[in-house]
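Numbering (the working numbering), first residue to last: 20 to 124.
Note that beta-carbon positions come from the ideal geometry of N, C-alpha and C, so glycine has one too.
Predicted model, so just to flag it, every value in this text is computed and none were measured.
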């Protein structure tokens, strides 16, 4: 019996839209997020939204995305992470072609 496995499962690649609410704008949070995403081998972007949240689009290995979500979810501001996070919401999506690098928008 032949079973079709989607390419994303074979490659282990996924994409997540992560919305971070709290004191995360104007404190270097997008720059910090970009640095962590690059360390984890992810591509995508971090951008400020008009409602005060930061939107993070991250694509790569699911385990790397989950590690980024864990880092973003730490509620206490530390020397290594600016700002203060209130809530983190994640939406999982299929991978998307054409993404490269990780940008601050």
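In the pairwise beta carbon analysis, the region 70-89 is classified as touching the region 33-45: at least three pairs are separated by under 8 angstroms. Under the DSSP definition of a beta bridge, residue 111 partners with 35.
For residue 72, the three-state secondary structure derived from DSSP is coil. The residue from 122, 102, 119 with its alpha-carbon nearest to that of residue 72 is 102. Nearest C-alpha to residue 75 among 60, 114, 116, 56: 56.
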